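Chemist:
There are 2 protein chains.
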Amino acid sequence: MQYIKIRDAIAEQVNSGTLEAGSKLPSERKLADTFRTTRVTLREALSLLEADGIIYREDRRGWFISQRPLKYTPDSDPDQLTLCELSSRDGKIALLKHATLMADKSAALLLGLPPFSEVIKTEQILSLEGRPVARTVNIIMPERLTMIEDEQLNLPLKTLIASQCIPDVSLHSYRVCVASLDTDHAASLRSSVGSMALLIEKVYASPQHGKFAASKEMWRHDVIEVGTH
Amino acid sequence: MQYIKIRDAIAEQVNSGTLEAGSKLPSERKLADTFRTTRVTLREALSLLEADGIIYREDRRGWFISQRPLKYTPDSDPDQLTLCELSSRDGKIALLKHATLMADKSAALLLGLPPFSEVIKTEQILSLEGRPVARTVNIIMPERLTMIEDEQLNLPLKTLIASQCIPDVSLHSYRVCVASLDTDHAASLRSSVGSMALLIEKVYASPQHGKFAASKEMWRHDVIEVGTH
DNA sequence: GAGTGGTCTAGACCACATT
DNA sequence: ATGTGGTCTAGACCACTCG
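Here the protein sequences line up with chains A and B, keeping their order.
Be aware that the first sequence starts at 1, since it is given in full-length UniProt numbering, and climbs by one per residue.
Be aware that the second sequence starts at 1, since it is given in full-length UniProt numbering, and climbs by one per residue.
1) Which class does residue 54/A belong to by DSSP, given the choice of helix, strand or coil?
2) Does residue 189/A pass the burial test, meaning 16 or more other C-beta atoms within 10 Å, or should it be called exposed?
3) Does the beta carbon of residue 77/A come closer than 8 Å to any beta carbon on chain B?
4) List the residues of chain B whose Cβ lies closer than 7 Å to the Cβ of residue 300/A, in chain order.
5) Between 184/A, 19/A, 135/A and 110/A, which lies nearest to residue 203/A when the distance is taken from Cα to Cα?
6) Going along the chain, which residues of its own chain have a beta-carbon closer than 6 Å to the beta-carbon of residue 160/B, five neighbours each way excluded?
7) Start and end of the beta strand (DSSP E) containing residue 85/A?
8) Would a C-beta distance cut-off of 8 Å place residue 206/B and residue 166/B closer than the cut-off?
9) Taking residue 71/A and residue 98/A to be in contact with their CB atoms under 8 Å, please state how far apart those CB atoms are, rounded to whole angstroms.
10) Determine which residues of the region 110–130 of chain B have a Cβ less than 7 Å from any Cβ of chain A, and write them out in chain order.
11) Check whether the region 28–36 of chain B and the region 176–193 of chain A touch, using three or more Cβ-Cβ pairs below 8 Å as the test.
12) Measuring only between beta-carbons, confirm whether residue 56/B sits less than 8 Å from chain A.
13) Using a Cβ-Cβ distance under 8 Å, would residue 46/A count as near chain B?
14) Over the uninterrupted alpha helix (DSSP H) stretch that includes residue 13/B, give me the two end residues.
15) What is the DSSP secondary structure of residue 29/B, counted as helix, strand or coil?
16) Please say whether residue 103/B and residue 117/B have beta carbons closer to each other than 8 Å?
17) Below 8 Å on the Cβ atoms is my guess for residue 187/B versus residue 220/B; work out the distance and round it to an integer in Å.
18) Only counting runs of 4 or more residues, tell me where the alpha helix (DSSP H) segments fall wholly within the region 154–178 of chain A, in order along the chain.
19) Excluding the 5 residues preceding and the 5 following residue 136/B in the sequence, name in chain order all residues of the same chain whose CB lies nearer than 6 Å to its CB.
20) Mind listing the chain A neighbours of residue 198/B? Cutoff is C-beta to C-beta under 7 Å, in chain order.
21) Would DSSP call residue 99/A helix, strand or coil?
22) List the residues of chain A that residue 175/B touches, going by C-beta distances under 9 Å, in chain order.
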């Protein structure tokens, strides 16, 4: 099993600091030559390293060394920008699109909505040092909102909610699971179809209104982990 | 991108119920013939389905249709056997090995132990309907235990702790992350090196003793997800 | 013993990113 | 324009599983 040895050789280079976080690996053809093998086998090794979160792939751009992951803690539920700050990372949110429309099946399920409910839906991209790492879909029930300014649409959902003066909002429930990227998500994240990702779903509720907002975040899996403290 | 079409074709067969959960797919060579392609491309498609948790691989045995995943809820922190029961699955725990030894780096870190601390370490395999799906390492500080019978060693950690009459034990912290299987774990789980997995770490503590026990569970990723309720 | 999955080779073409 | 990664072909051998 050659590709195990190749994986270990590259992993060692990363751990020893010879290859710095964020830097690019040599081209697949060069690496294949170096290890005296073919691209197919080399890519097998790279995929293992990718699975471990040690390197990541940018579609058609090459392979790069991962940074240390962010750590999302459901207990304190920091919003995305706070999460970045906690790790001293340069996080920025960009708005992809937004619309008021009928809730789709997944949104209706998440918020327990009756058929034909209208919701506000926004989609955002979170970038770290310019690299897109997560795509978020936010769903909000419009009756619960007094007013949204355009500039607020690229705020984290939690921040937006906070501006709405609804008392006692809390993270009602969340779900974490391993997922893989579809064509659309892959493109937004400069990744490729089928890449592993971590899906984090959150539902926000208040005693008065019950469940009224939710988000689905699709994270590149090398970027985040989940836990306490 | 042929392999996307092949993936979708197989996924459709699964969703429509033509292929039942738990059943085996035809051999790779047959499938490659069916889709008029080579094994390499076919395996690309199968890997996507595996990443989505729709199918899973048993090392050298073939590809199988996944069951619906268990759902681990840190809030209530059900033990592994309870978790299986909640989904009406036939879960069984087998003891791999156990020993009293010096805490390794990862154990010491988890429990905040001083150097040269002795701990009890047990390793277990959880099987669902006979299929090994998770490997658990339990770490316990021996001072906190009155006595352990051999028959208790294949109990879930939480159940074992409950038998020890330590008041107010709680799940102190946990961590969930995507990981990949090393040679050893892969073998225990009838999987292959580098396969994606979900790692769940838990630390138990009580007001009197602080952190005194922990577990690291390595789950085949098609089998489990994490969330509330 | 036949068939299977695991691994590997040695190419090829294309679309895209970068220069 | 060059080189790169993404995709695909058409084989091969071995070790293992299973009947």
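We treat Cβ as the ideally placed atom computed from N, Cα and C, and that holds for glycine.
All values derive from a computational prediction rather than experimental measurement.
Modeler: Let me lay it out:
1) Here residue 54/A is taken as the residue at index 54 of the first sequence, counted from 1. Note: residue 54/A maps to coil in three-state DSSP.
2) As a working note, residue 189/A is residue 189 in the first sequence. With 16 or more Cβ atoms within 10 Å of its Cβ, residue 189/A is classed as buried.
3) Here residue 77/A refers to the residue found at position 77 of the first sequence. No - not a single Cβ of chain B is within 8 Å of the one on residue 77/A.
4) Residue 300/A lies beyond the residue range present for chain A, which begins at 1 and ends at 229; the question has no answer from this structure.
5) Here residue 203/A refers to the residue found at position 203 of the first sequence. Cα-wise, what sits closest to residue 203/A is 110/A.
6) Within the second sequence, numbered from 1, the residue matching residue 160/B stands at position 160. Excluding sequence positions up to five before and after residue 160/B, its CB lies within less than 6 Å of the CB of 152, all in the same chain and listed in chain order.
7) Numbered from 1 along the first sequence, position 85 holds the residue referred to as residue 85/A. Element bounds for residue 85/A: not the beta strand (DSSP E) but the alpha helix (DSSP H), 80–86.
8) Here residue 206/B refers to the residue found at position 206 of the second sequence. Here residue 166/B refers to the residue found at position 166 of the second sequence. A contact, by the Cβ cut-off of 8 Å.
9) Translated into the one-based positions of the first sequence, residue 71/A becomes position 71. Translated into the one-based positions of the first sequence, residue 98/A becomes position 98. Under the criterion of beta carbons closer than 8 Å, residue 71/A and residue 98/A do not qualify as touching, at roughly 29 Å.
10) From the region 110–130 of chain B, no residue has a Cβ closer than 7 Å to chain A.
11) Fewer than three Cβ pairs drawn from the region 28–36 of chain B and the region 176–193 of chain A lie within less than 8 Å of each other, which leaves the two stretches out of contact.
12) What you label residue 56/B is simply residue 56 of the second sequence in a count that begins at 1. By this cut-off, residue 56/B is not an interface position.
13) As a first step, residue 46/A is located in the first sequence; it is residue number 46 there, counting from the start. Look at residue 46/A: its C-beta is not under 8 Å from any C-beta on chain B.
14) Translated into the one-based positions of the second sequence, residue 13/B becomes position 13. In the DSSP assignment, residue 13/B falls within the alpha helix (DSSP H) that extends over 2–15.
15) Along the second sequence, read from residue 1 onward, the residue named residue 29/B stands at position 29. If DSSP states are grouped into helix, strand and coil, residue 29/B belongs with the helices.
16) Mapped onto the second sequence, residue 117/B falls at position 117. Mapped onto the second sequence, residue 103/B falls at position 103. Yes.
17) Position 187 of the second sequence, counting from 1, holds the residue named residue 187/B. Position 220 of the second sequence, counting from 1, holds the residue named residue 220/B. Taking 8 Å as the upper bound for CB-CB distance, residue 187/B and residue 220/B are not in contact here, some 13 Å apart.
18) Here the runs fully enclosed are 157–162.
19) In the second sequence, residue 136/B corresponds to position 136, counting from 1. Closer than 6 Å at Cβ, skipping near neighbours: 124, 215 and 217.
20) Residue numbering aside, residue 198/B sits at position 198 when the second sequence is read from its first letter. By Cβ distance, chain A contributes 178.
21) Counting from one through the first sequence, the residue named residue 99/A turns up at place 99. It is a strand residue.
22) For this step, residue 175/B is matched to residue 175 along the second sequence. Taking the beta carbon of residue 175/B as reference, the chain A residues within 9 Å of it are 71, 225, 226, 227 and 228, listed in sequence order.
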